[in-house]
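Worksheet: the structure to be examined is printed underneath.
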Amino acid sequence: RWSRVKGRLRSSVGEDVYSSWFARMDLEAVQQESVHLSVPTRFLKSWIQTHYSEKVLTCWQAEMPEVCRIDLTVRSPMRAAATKEAPAPAEHRRDEHRPAADARSHAAAPAPSNHDALGGSPLDPRLTFASFVVGRSNTLAHAAAKQVAEGRRGDPVMFNPLYIHSGVGLGKTHLLQAVTWAGNSGTERKVLYLTAEKFMYGFVASLKTQTSLAFKEALRGIDVLVIDDLQFLQGKTTQAEFCHTLNALIDAGRQVVVAADRPPADLESLDERVRSRLAGGLVVEMAPLGEELRLGILKSRVVAARTHHASFDVPQSVLEYLAHAITHNGRDLEGAINRLLAHSKLNAQPVTLEMAEHEVRDLIRPQEPKRIKIEDIQRVVARQYNVSRSDLLSSRRTANVVRPRQVAMYLAKTLTLRSLPEIGRRFGGRDHTTVLHAVRKIEGLVSKDVTLSDEVESLKRQLQE
Ligand code: ADP
Ligand code: MG
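If you read the sequence shown in my numbering, its first letter stands for residue 22, the second for the next number, and so on.
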């Protein structure tokens, strides 16, 4: 059962997070409604508690619905003194026969197997430059990444760090891994891809095992350090270490590439010095994927799928439909193609528009009608008729104010769900019969008065944009 729970955890958080945080979690006991788990360090315990306690519980409940509590403790042989992220005290553990001098020699020839972190985070072989589609929203990020990837050891570094940010699913991880693949094949440079979580875990683990010197020195031996999802870098000590690494690498002319979901200035949890150092290189934002780029990505996915499924084909009309309808991120585009592939394989049918519409219906975001506010109506109407908003709300009865006021009330009735009394209140406390009168008046006029009907149409368009 425990292994099934672990399996669930692994698939819900992903391999990388799983191996960083849960690989060393053990089951101690199950007592009716509570489960007792243990981890080797306090840091792991508090990390899992603050970030993953819901997840762990849900995974248990999926196997044992009666479980309603998870107790997490630190396993006994661990030093009680190892407070959260504080450097481990200089003492030797029974199971750790590794004197400091030895640790240093590891650094001279870093052996990845000795260091979780320095082994890097797993790379997806599909995320290369060859499969990255360039479009208006990512041209600059792509060019900069390409430049970084093609550099040689000792080349002058042009932008350092290269900082790429965007919303989720817009290709940051793809670009970073492409840099890593390209850098590791061909050149003699050492390129290391690490998620911020992995960096943190590697560093904290090295503190616990007193190998942080080795950790630091090995990192400083990297030619290109690639850090993904920097927004997840947590903890003062880890951040300080990241700052040192960043400074050391940049000062030594090594390249640093970073991706995050926001610009450096918005990484609130990060130290001001780190933020300004990050902002000091090249900061590139990747915009949401435009329709053309979405079409390009869909096409490249079809081409990729055809290497294994030669008979798979998606008509241009279907691709265009998908590119138009799926406004979400790159992951959904990939998902859409996978579904079409699965469906056409399983049913031995060619892909059609109807099939596509049916298969991807949950990925399509319905065009939400824009909620129009009464204030917006008043503002737009006032501007169009060159009066002020307070004129519209006032009791003035001059013709140049009365007509615009009626138009505004008419629009409020037809474009919002507000009731007549509510609209009256919002127009300077008028009676609902006044509003009704205005609505009828304008309704009657638009069918006869072409100028007025044009004005009303134009106002509607402005409000709906
Ligand atoms: P992020 O890290 O920004 O959240 P990812 O790099 O994980 O986004 O991209 C999500 C998915 O979309 C991946 O499958 C990726 O390959 C795909 N994708 C995003 N942008 C592109 C692109 N320009 N060309 C090809 N695939 C892309
Ligand atoms: Mg990513």
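We treat Cβ as the ideally placed atom computed from N, Cα and C, and that holds for glycine.
- Of the residues 253, 196, 187, 370, the one whose Cα lies closest to the Cα of residue 284 is 187.
- Secondary structure remark: continuous alpha helix (DSSP H) runs of at least 4 residues inside the stretch 168-233, in chain order: 193-205, 217-229.
- Each residue's CA atom was taken as its position, placing residue 437 and residue 320 some 41 Å apart.
- Relative to the ligand ADP, the beta carbon of residue 355 is positioned inside 7 Å of a heavy atom.
- In this structure the stretch 88-95 touches the stretch 56-65; the number of beta carbon pairs closer than 8 Å is three or more.
- Here the alpha carbons of residue 345 and residue 312 stand approximately 6 Å from one another.
- Annotated as proximal: residue 339 and residue 372, with beta-carbon spacing under 8 Å.
- Taken through DSSP and simplified to helix, strand or coil, residue 33 comes out as helix.
- When secondary structure is reduced to three states using DSSP, residue 308 falls in the coil class, being assigned neither helix nor strand.
- Look at residue 229: its beta carbon is at least 7 Å from all of the heavy atoms in the ligand MG.
- Of the candidates 305, 147, 420, 209, the residue whose Cα lies closest to the Cα of residue 163 is 305.
- Residue 201 has its Cβ no nearer than 7 Å to any heavy atom of the ligand MG.
- In this model, residue 342 and residue 310 are separated by some 15 Å (Cα to Cα).
- The ligand ADP has no heavy atom closer than 7 Å to the beta-carbon of residue 216.
- Excluding the 5 residues flanking it on each side, residue 161 has same chain C-beta neighbours closer than 8 Å at 305, in chain order.
- Here residue 250 is near residue 280, since their CB atoms are less than 8 Å apart.
- Those residues that bring their Cβ nearer than 5 Å to a heavy atom of the ligand ADP are 153, 154, 189, 190, 191, 192, 193, 194, 195, 318, 351, 352, 355.
- Taking C-beta separations shorter than 6 Å and ignoring five residues to either side along the sequence, the partners of residue 178 in its chain run 274, 276, following chain order.
- Contact check for residue 384 and residue 347: beta-carbon distance about 5 Å, within the 8 Å limit, so the pair qualifies.
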